[in-house]
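Residue numbers (the numbering used here), protein chains in the order written: chain A, 4 to 570; chain B, 13 to 233. Glycine is no exception: its CB is placed at the ideal position from the N, C-alpha and C atoms. It should be emphasised that the depicted structure is a prediction, and the values quoted were computed from it without experimental measurement. Structure, as structure tokens:
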Amino acid sequence: MNPDVIVIGSGGGGAVVAKELGERGVKVLVLEAGPWYGNRKWPNPNVHRGATYSSDFADLDIVLYKKALNEYEDNMNDLIAGRFRWGPADRKRSPWFRNIMQKGTVMQVAGVGGTTLHYTGNSPRAYPIAIDHIWPITYRELIPYYEKVEATLPVAFAPTTAKEEMFYYGAKKAGWRLIPTLNVTSPGYRPNPNAILPPNEHLMNPHVPMEQLSWMEGCTLAGHCINGCPHGPSVDKIAKRSTNVSYVPLALQTGNVTIRPNAFATKIVTESHPSEGVRAIGVQIRDTWTGEVEELRAEVVVMAAGTIETPRLWLNSELPQNPWVGKGLTNHYMDWISGVFDEKDLLAILGSPDINPFVGQNLAARLDYPGLGMLTSVGMSPGLLSMLSYGVSESGYEFLHPSRGHDPWDVQGILSGPLLKEIMANYRKTLTILISIHDDVDQRNSVTINPTVRDEHGPVPVIQYSPTARSANIRRQMVKIAAEILQKAGAKTIAWSNWPIGMMFHIMSTMRMGFVVDDCCEAYQVKRLYIADNSVLFNALGGPNPTLTTQALATRTAEKLANKYFN
Amino acid sequence: MASSRENPANIDAYTRATFQAFVDALIPATPDLTATGVTFGAESAGALELLVHEFVIQELNFSVSPLAGQTLLDTSPATGAAQLLDAAAVQLIQSGEAREPLDVYAFPGGGSFSALSRRDRLRAVDKLSMLDIDLESLPPPYTNNSAFVENVTVMFNLLAMFGFYSEWSGYGTTRFFSPDERKVECFPLSWIQTGYPGRSLGYRALRGYLLEFPPKEEQKR
Numbered sequence: 004m005n006p007d008v009i010v011i012g013s014g015g016g017g018a019v020v021a022k023e024l025g026e027r028g029v030k031v032l033v034l035e036a037g038p039w040y041g042n043r044k045w046p047n048p049n050v051h052r053g054a055t056y057s058s059d060f061a062d063l064d065i066v067l068y069k070k071a072l073n074e075y076e077d078n079m080n081d082l083i084a085g086r087f088r089w090g091p092a093d094r095k096r097s098p099w100f101r102n103i104m105q106k107g108t109v110m111q112v113a114g115v116g117g118t119t120l121h122y123t124g125n126s127p128r129a130y131p132i133a134i135d136h137i138w139p140i141t142y143r144e145l146i147p148y149y150e151k152v153e154a155t156l157p158v159a160f161a162p163t164t165a166k167e168e169m170f171y172y173g174a175k176k177a178g179w180r181l182i183p184t185l186n187v188t189s190p191g192y193r194p195n196p197n198a199i200l201p202p203n204e205h206l207m208n209p210h211v212p213m214e215q216l217s218w219m220e221g222c223t224l225a226g227h228c229i230n231g232c233p234h235g236p237s238v239d240k241i242a243k244r245s246t247n248v249s250y251v252p253l254a255l256q257t258g259n260v261t262i263r264p265n266a267f268a269t270k271i272v273t274e275s276h277p278s279e280g281v282r283a284i285g286v287q288i289r290d291t292w293t294g295e296v297e298e299l300r301a302e303v304v305v306m307a308a309g310t311i312e313t314p315r316l317w318l319n320s321e322l323p324q325n326p327w328v329g330k331g332l333t334n335h336y337m338d339w340i341s342g343v344f345d346e347k348d349l350l351a352i353l354g355s356p357d358i359n360p361f362v363g364q365n366l367a368a369r370l371d372y373p374g375l376g377m378l379t380s381v382g383m384s385p386g387l388l389s390m391l392s393y394g395v396s397e398s399g400y401e402f403l404h405p406s407r408g409h410d411p412w413d414v415q416g417i418l419s420g421p422l423l424k425e426i427m428a429n430y431r432k433t434l435t436i437l438i439s440i441h442d443d444v445d446q447r448n449s450v451t452i453n454p455t456v457r458d459e460h461g462p463v464p465v466i467q468y469s470p471t472a473r474s475a476n477i478r479r480q481m482v483k484i485a486a487e488i489l490q491k492a493g494a495k496t497i498a499w500s501n502w503p504i505g506m507m508f509h510i511m512s513t514m515r516m517g518f519v520v521d522d523c524c525e526a527y528q529v530k531r532l533y534i535a536d537n538s539v540l541f542n543a544l545g546g547p548n549p550t551l552t553t554q555a556l557a558t559r560t561a562e563k564l565a566n567k568y569f570n
Numbered sequence: 013m014a015s016s017r018e019n020p021a022n023i024d025a026y027t028r029a030t031f032q033a034f035v036d037a038l039i040p041a042t043p044d045l046t047a048t049g050v051t052f053g054a055e056s057a058g059a060l061e062l063l064v065h066e067f068v069i070q071e072l073n074f075s076v077s078p079l080a081g082q083t084l085l086d087t088s089p090a091t092g093a094a095q096l097l098d099a100a101a102v103q104l105i106q107s108g109e110a111r112e113p114l115d116v117y118a119f120p121g122g123g124s125f126s127a128l129s130r131r132d133r134l135r136a137v138d139k140l141s142m143l144d145i146d147l148e149s150l151p152p153p154y155t156n157n158s159a160f161v162e163n164v165t166v167m168f169n170l171l172a173m174f175g176f177y178s179e180w181s182g183y184g185t186t187r188f189f190s191p192d193e194r195k196v197e198c199f200p201l202s203w204i205q206t207g208y209p210g211r212s213l214g215y216r217a218l219r220g221y222l223l224e225f226p227p228k229e230e231q232k233r
């Protein structure tokens with residue numbers, strides 16, 4: 004095939020570009036490093052290489068999809084050997100190595116759908132004050148693109164289950180007000196705008212069996228968002244709208260998009276053109292099963308490999324030097340805090356003895372605070388919740404570094420021994436809050452490469468992050484606000500995780516608009532090379548989850564790209 | 013780089029004993045513990061009983077990582093990590109920070125780390141985590157490499173908790189098969205301890221909606 008455009012990566016951004024260009028009649032080839040779940044051309048995607056390409060909507064197979072996404076958290080989420088890992092499709096092989104220079108972990112996924120495979124669907128807009136007079140474009144300019152993505156995914160406000168009710172109860176008691184808006188300009192609480200289909204109208208009807216509901220359209224509140232949602236009647240109508248079930252099916256329906264999984268991009272191929280200067284003409288790839296290397300050509304190349312791989316690919320391709328390539332990494336300097344409640348209090352507030360954090364959409368209620376960041380309620384399966392709540396901390400073990408007594412929490416750090424067992428015995432009575440802050444762009448925070456440490460795809464990325472003093476101060480404030488919500492809701496034990504600085508869930512801004520790419524997201528120094536992932540974000544959006552903004556920008560980028568090169 | 017997961021029979025006694033000692037310290041059996049709504053009796057099992065040390069070893073050996081020190085070392089990544097724990101234990105003992113008597117029979121085949129009391133074992137891990145340690149005396153690939161030390165120490169805790177509280181122990185006799193050949197054979201004891209009912213098709217738990225989408229303010233726009 005001879006594509007007009009090659010898109011590298013099929014995650015939050017790449018799949019959007021593919022669909023938007025496909026609808027404009029542009030021929031697109033999407034390269035994806037990982038496997039494709041739920042496509043009959045890859046009936047055993049982790050065991051056999053399968054076919055090379057798929058471009059047919061009819062190849063999508065719901066039975067295969069449900070078989071692969073089996074809701075077991077070790078099978079799905081294990082960072083080393085899970086289906087949702089940063090590694091090759093063949094699970095008999097090790098994951099791909101990232102050199103993280105500190106305590107922490109990077110939560111990214113290779114596979115059609117990218118990191119949206121395990122994302123929790125949270126789709127808030129950026130805070131206007133983090134965009135206006137700061138970004139090269141205005142918030143107003145983003146709104147129509149936000150609206151288009153919200154309608155396409157689609158996005159809806161999360162339904163309320165017990166854990167959200169507890170969060171709202173605590174937030175209200177702490178003096179916060181409901182903010183019924185998508186454009187957040189003042190602090191308050193609201194349901195998460197989630198890319199998850201609203202519950203089916205029959206969900207509460209006991210005469211409709213749950214097995215039947217899991218094959219119908221709509222969220223079943225099964226609580227497996229992060230484990231991979233398998234609920235729905237067909238691949239394109241799965242409840243949680245990862246791009247492999249939303250934008251990818253739409254892209255295939257255009258008839259202009261081909262997707263090639265198991266293809267790791269190792270080099271952007273360029274040439275020197277008399278009028279355009281250095282320009283992209285293709286991509287070198289390595290087949291992750293066979294090791295075969297190929298060079299593919301196109302008129303335009305879009306990098307959407309993610310905030311770590313996109314700068315790595317630039318650097319490994321020896322594209323022109325730019326002091327901002329790989330620099331300015333933000334990650335919302337996240338933290339985590341949990342509250343354990345007494346049964347009698349829960350009965351009084353909820354009318355039930357448990358919160359049941361495994362029920363409902365994983366992250367479904369939030370508090371926004373433009374200028375500081377955001378909080379969101381969290382509930383998930385016990386393996387993930389235990390390790391993220393009590394297994395990772397800058398503070399060390401709780402019994403060696405206890406809380407000081409006047410802190411707004413009772414315990415802090417890594418829990419062990421009988422205390423850990425006891426707090427996990429109260430798992431069903433636990434409400435957890437994720438803290439995601441307005442962190443600063445700092446050029447020292449980076450993705451670089453060390454030429455001496457290589458894998459089969461070239462020098463591996465070296466990742467380094469350290470919050471600014473202001474970011475650290477903001478995180479302290481937001482942790483206190485979260486603790487107060489738990490306390491006002493009546494939590495009997497509050498456990499502060501104090502996450503280390505290297506916990507990377509929202510990784511952004513390593514190829515920033517205005518520094519590496521122009522305001523249409525085309526590279527300043529390499530024509531016909533665009534970027535459409537979290538790396539082009541100018542900053543960390545003030546704290547909100549980045550996917551929706553990246554998707555809005557990707558929609559806009561596809562429009563600009565098509566107008567410039569394919570009009 | 014490990015090419016596939018290994019059979020537990022192939023784990024050497026030293027590495028096994030060291031990680032048995034670690035997971036036992038972090039998540040011990042708790043026969044005396046009772047908690048609201050949960051009675052610990054037959055379900056008092058800790059990580060040792062659920063063989064979580066095998067999970068930690070398997071995962072360390074399977075990850076390409078700073079742990080591996082690439083392929084220059086003779087030892088497996090997990091054995092290298094066990095030696096790191098021993099080096100920390102030796103420093104803990106030599107600095108007089110070990111609080112309780114040693115028991116060299118607790119985990120046969122193990123070294124200094126596995127002879128420490130439960131809390132002293134975690135004190136040794138904490139010294140690594142806080143880099144309160146003489147980095148020069150650590151075994152390769154950790155010698156003078158604080159990032160490697162921090163990374164592997166984070167992994168110890170994360171892996172032990174995830175191994176214990178996820179479905180991993182339920183894989184039973186298939187636990188070391190390749191991931192796609194495993195079968196969940198039993199309901200994990202840890203899930204009984206937490207009250208987690210296991211995976212689900214859905215819950216009739218809808219309590220309503222706080223807001224309609226899009227909110228009225230936006231509809232007027």
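Specify the secondary structure class of residue i as computed by DSSP and reduced to three states.
i              : result
Y149 (chain A) : helix
S217 (chain A) : coil
R591 (chain A) : Because residue 591 (chain A) is not part of the residues shown, which for chain A are 4 to 570, the question remains open.
I436 (chain A) : strand
K464 (chain A) : The displayed chain sequence assigns Pro, not Lys, to residue 464 (chain A). P464 (chain A) falls in the strand class under three-state DSSP.
S392 (chain A) : helix
R247 (chain B) : Nothing can be reported for residue 247 (chain B): it is not among the residues displayed for chain B, which extend from 13 to 233.
S406 (chain A) : coil
H441 (chain A) : coil
V457 (chain A) : In the sequence on display, residue 457 (chain A) carries Arg and not Val. R457 (chain A): strand per DSSP, three-state reduction.
D371 (chain A) : strand
L96 (chain B)  : helix
K22 (chain A)  : helix
L378 (chain A) : strand
Q446 (chain A) : coil
Mind checking if residue i is an interface residue toward chain A, Cβ cutoff 8 Å exclusive?
i              : result
R131 (chain B) : yes
I39 (chain B)  : yes
S141 (chain B) : yes
E109 (chain B) : no
S190 (chain B) : yes
S178 (chain B) : yes
A159 (chain B) : yes
A28 (chain B)  : The question names Ala, yet the displayed sequence has Arg at residue 28 (chain B). False, the Cβ-Cβ gap to chain A never drops below 8 Å.
Does the CB of residue i have a neighbour CB from chain B at under 8 Å?
i              : result
K106 (chain A) : yes
F60 (chain A)  : no
V115 (chain A) : no
P264 (chain A) : no
N49 (chain A)  : yes
M511 (chain A) : no
N78 (chain A)  : yes
L423 (chain A) : yes
T164 (chain A) : yes
L185 (chain A) : yes
Using the beta-carbon count (16 or more within 10 Å), is residue i buried or exposed?
i              : result
E193 (chain B) : exposed
Q215 (chain A) : exposed
N453 (chain A) : exposed
Residues bridged to residue i by DSSP?
i              : result
E298 (chain A) : A:Q287
E2 (chain A)   : Residue 2 (chain A) lies beyond the range of chain A shown here (4 to 570); nothing can be said about it.
R263 (chain A) : A:L34
L530 (chain A) : In the sequence as presented, Leu is not what sits at residue 530 (chain A); that position holds Lys. A:R282.
K270 (chain A) : A:Q287
D338 (chain A) : A:I438
Every unbroken beta strand (DSSP E) within the region 37-119 of chain A, with a cutoff of 3 residues, ordered by chain
107-109
Enumerated in chain order, which unbroken segments of the beta strand (DSSP E) with a length of 3 residues or greater are wholly contained in the region 123-211 of chain A?
191-194
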